[in-house]
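Just so you know, the protein sequences line up as chains A and B, in that order. Quick note on UniProt numbering: the first sequence kicks off at 1 and runs consecutively. Quick note on UniProt numbering: the second sequence kicks off at 1 and runs consecutively.
Number of protein chains: 2
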Amino acid sequence: MALHDAQLVHQECSSCPIRHRAVCARCETDELERLEQIKYYRSYQAGQTVIWSGDRMDYVASVVTGIATLTQTMEDGRRQMVGLLLPSDFVGRPGRDNAAYDVTATTDLVMCCFRKKPFEDLMLRTPHIGQRLLEMTLDELDAAREWMLLLGRKTAREKIASLIAIIARRDATLKLRAAKGQITFDLPLTREEMADYLGLTLETVSRQISALRRDGVIHLEGKRHVTIPDFDRLIEEAGDDSDGGMVS
Amino acid sequence: MALHDAQLVHQECSSCPIRHRAVCARCETDELERLEQIKYYRSYQAGQTVIWSGDRMDYVASVVTGIATLTQTMEDGRRQMVGLLLPSDFVGRPGRDNAAYDVTATTDLVMCCFRKKPFEDLMLRTPHIGQRLLEMTLDELDAAREWMLLLGRKTAREKIASLIAIIARRDATLKLRAAKGQITFDLPLTREEMADYLGLTLETVSRQISALRRDGVIHLEGKRHVTIPDFDRLIEEAGDDSDGGMVS
DNA sequence: CGTCCTGTTTGATCTGCATCAATGATGAAT
DNA sequence: ATTCATCATTGATGCAGATCAAACAGGACG
Numbered sequence: 001m002a003l004h005d006a007q008l009v010h011q012e013c014s015s016c017p018i019r020h021r022a023v024c025a026r027c028e029t030d031e032l033e034r035l036e037q038i039k040y041y042r043s044y045q046a047g048q049t050v051i052w053s054g055d056r057m058d059y060v061a062s063v064v065t066g067i068a069t070l071t072q073t074m075e076d077g078r079r080q081m082v083g084l085l086l087p088s089d090f091v092g093r094p095g096r097d098n099a100a101y102d103v104t105a106t107t108d109l110v111m112c113c114f115r116k117k118p119f120e121d122l123m124l125r126t127p128h129i130g131q132r133l134l135e136m137t138l139d140e141l142d143a144a145r146e147w148m149l150l151l152g153r154k155t156a157r158e159k160i161a162s163l164i165a166i167i168a169r170r171d172a173t174l175k176l177r178a179a180k181g182q183i184t185f186d187l188p189l190t191r192e193e194m195a196d197y198l199g200l201t202l203e204t205v206s207r208q209i210s211a212l213r214r215d216g217v218i219h220l221e222g223k224r225h226v227t228i229p230d231f232d233r234l235i236e237e238a239g240d241d242s243d244g245g246m247v248s
Numbered sequence: 001m002a003l004h005d006a007q008l009v010h011q012e013c014s015s016c017p018i019r020h021r022a023v024c025a026r027c028e029t030d031e032l033e034r035l036e037q038i039k040y041y042r043s044y045q046a047g048q049t050v051i052w053s054g055d056r057m058d059y060v061a062s063v064v065t066g067i068a069t070l071t072q073t074m075e076d077g078r079r080q081m082v083g084l085l086l087p088s089d090f091v092g093r094p095g096r097d098n099a100a101y102d103v104t105a106t107t108d109l110v111m112c113c114f115r116k117k118p119f120e121d122l123m124l125r126t127p128h129i130g131q132r133l134l135e136m137t138l139d140e141l142d143a144a145r146e147w148m149l150l151l152g153r154k155t156a157r158e159k160i161a162s163l164i165a166i167i168a169r170r171d172a173t174l175k176l177r178a179a180k181g182q183i184t185f186d187l188p189l190t191r192e193e194m195a196d197y198l199g200l201t202l203e204t205v206s207r208q209i210s211a212l213r214r215d216g217v218i219h220l221e222g223k224r225h226v227t228i229p230d231f232d233r234l235i236e237e238a239g240d241d242s243d244g245g246m247v248s
């Protein structure tokens, strides 16, 4: 009976293409049931590697709780983060057998997994899942392109301001808070992870965070907890022309 | 009658989701016919702007011949290319009314367009088109992530070598040439466009191209025509660990 | 044939960020 | 309480690539 309870699915796995189906009036319950049958959960501790680039990956998944990163590494050790996965984000690619990036849990992490083959079969039979996946992939592509502008053209200070704004926004939408007034949250990344996100060194990250604090753009309590007194000011520092990144 | 002739469609529009359908044994000809009914062509001259970021865009399209770019610009004029569209690439996003990027024709350009609404309707009725689009979008996302590594972590010399390798590969797959032996092609971009692609200035691009030529990694005839005597050497200079970008 | 225009190359100098190095803060283990 | 480990901050110095500036190459057009 629980299988047909959309609300339950929603809570367990607020993320996946499932959820879309669960709340979609057009969907027949038997498809939902099939999805329930092929899904399972995996947990990781903060710092654990979920999968290495090139390894066989026979499932696709979406993040339920916690944060994971996608990174690429060059032979000499230079690292670039290419994806930051928050709850509801999707990992893995239907139609590919090996992981293309290193996936790492930066906090404790729970993922909702689907073995790839049955998932693909289900996609063929259930267009809505594919459509939802297309939508999500297009959103990710937009995010990647915003990220490219940041990496290619922004100064260190602008990069830091942009990252803080991005995290503030995603955090706000996750928590369904109205994003006005005093915004306050914890940075989910170490300085080094931020550096890998931004294409900087951790020393530069640290210096620029200190500078933004000195200039009153952000307030810091401890190393992680950030308060933003004036969000518009932060956006200005980030150099964004567009509203960039507001979820549509 | 021409409407049902897959070969004709293939030649006109080697690109679009259409082609996939046209050669797909599972497709019924009436769907192909519907696609034919809603498509039309647009031409642009080299240098012309196809559409400005933010403008209304009531169609989706794919490149038939020529090359187009997607770019983002900051208020102070800093520019970053975020997409390079060769024949068969897709532009526009189902479910979005306004362009997110500036689209510019860098050579004479022909695009095959579909008015958005009928295209979306067709997608709903024809899962294969959506699946093909998902596949293409996932490929683009992978390319964007490779690009992010380049922007964030590669040196100027590595960036130039990478770009030349990317163009050489895409050129080779377009022409269906075996990619071994002497590789030779024309750069489709000016030095400034390359700079916008790579997050550099045009002077740095020019200097690094000169350096690669001095070192025998590439040969140049005129400003545009490149010959690569040893592709593996070029890849080595690009600093790629993976085979990155070989079409699957 | 010269003039203009656009794209390119090359040189000289400057600067933002990387690199190298030391010190500080926090929390867990003994 | 002391040690150790991890993460962060701050300082000193160097260098890759930006910036400023000049000259060059090739094509279009009078």
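Just so you know, even glycine gets a beta-carbon here, dropped at the ideal spot from N, CA and C.
Beta-carbon proximity check, residue i vs residue j, cutoff 8 Å
| i | j | result |
| --- | --- | --- |
| E158(B) | G239(B) | yes |
| L109(B) | I67(B) | yes |
| L122(B) | I129(B) | yes |
| M106(A) | L189(A) | Before going on, a small fix: residue 106(A) reads as Thr here, not Met. It is a contact, given that the beta carbons lie within the stated cut-off. |
| G152(A) | G199(B) | yes |
| R224(A) | D186(A) | yes |
| E140(B) | L141(A) | yes |
| Y44(A) | C112(A) | no |
| E221(B) | T69(B) | no |
| D196(B) | M81(B) | yes |
| T104(A) | V60(A) | no |
| A99(A) | A144(B) | no |
| P118(A) | P127(B) | no |
CA-to-CA distance, residue j to residue i, given in whole angstroms
| i | j | result |
| --- | --- | --- |
| Q48(B) | D58(B) | 19 Å |
| L149(B) | Y101(A) | 11 Å |
| V91(A) | G83(A) | 10 Å |
| E75(B) | D241(A) | 6 Å |
| L85(A) | V63(A) | 7 Å |
| R213(B) | A161(B) | 11 Å |
| L133(B) | E236(B) | 33 Å |
| T65(A) | I218(B) | 49 Å |
| D97(A) | T227(A) | 42 Å |
| T155(B) | A211(B) | 13 Å |
| I209(A) | T204(B) | 30 Å |
| S53(B) | P229(A) | 31 Å |
| T201(A) | R170(A) | 24 Å |
| V46(A) | R56(B) | The residue asked about is misnamed: residue 46(A) is Ala in this sequence, not Val. Roughly 44 Å separates the two Cα atoms. |
| W147(A) | E146(B) | 12 Å |
| T73(A) | Q131(A) | 32 Å |
| S206(A) | R191(A) | 7 Å |
| R79(B) | L174(A) | 31 Å |
Residue i in three-state terms, based on DSSP
| i | result |
| --- | --- |
| T155(A) | coil |
| E135(A) | helix |
| T126(A) | coil |
| A99(A) | coil |
| I51(A) | strand |
| T65(B) | strand |
| T173(B) | helix |
Segment limits, beta strand (DSSP E) that includes residue i
| i | result |
| --- | --- |
| L198(B) | Per DSSP, L198(B) belongs to no beta strand (DSSP E); it is in the alpha helix (DSSP H), R191 to L198. |
| V226(B) | H225 to I228 |
| S186(A) | Strictly speaking, residue 186(A) in this sequence is Asp, with Ser absent from that position. Here the beta strand (DSSP E) through D186(A) covers I183 to D186. |
| T69(B) | A68 to T73 |
| Q80(B) | R79 to L85 |
| A46(B) | Here A46(B) belongs to no beta strand (DSSP E), and DSSP marks it neither H nor E. |
| V217(A) | Looking at the DSSP string, V217(A) is not in any beta strand (DSSP E), and its letter there is neither H nor E. |
| R93(A) | R93(A) -> no beta strand (DSSP E), and no H or E assigned at all. |
| M57(B) | From DSSP, M57(B) is part of no beta strand (DSSP E); its letter is neither H nor E. |
N-terminal and C-terminal residue of the alpha helix (DSSP H) that residue i is part of
| i | result |
| --- | --- |
| Q208(A) | L202 to R214 |
| D232(B) | F231 to A238 |
Whole-number beta carbon distance between residue j and residue i, since they are thought to touch under 8 Å
| i | j | result |
| --- | --- | --- |
| R115(A) | I38(A) | 6 Å |
| A172(B) | I164(B) | With 8 Å as the limit, A172(B) and I164(B) do not qualify as a contact, their Cβ atoms being about 12 Å apart. |
| G95(B) | E36(A) | Going by Cβ atoms, the distance from G95(B) to E36(A) rounds to 28 Å, so no, they are not a contact pair. |
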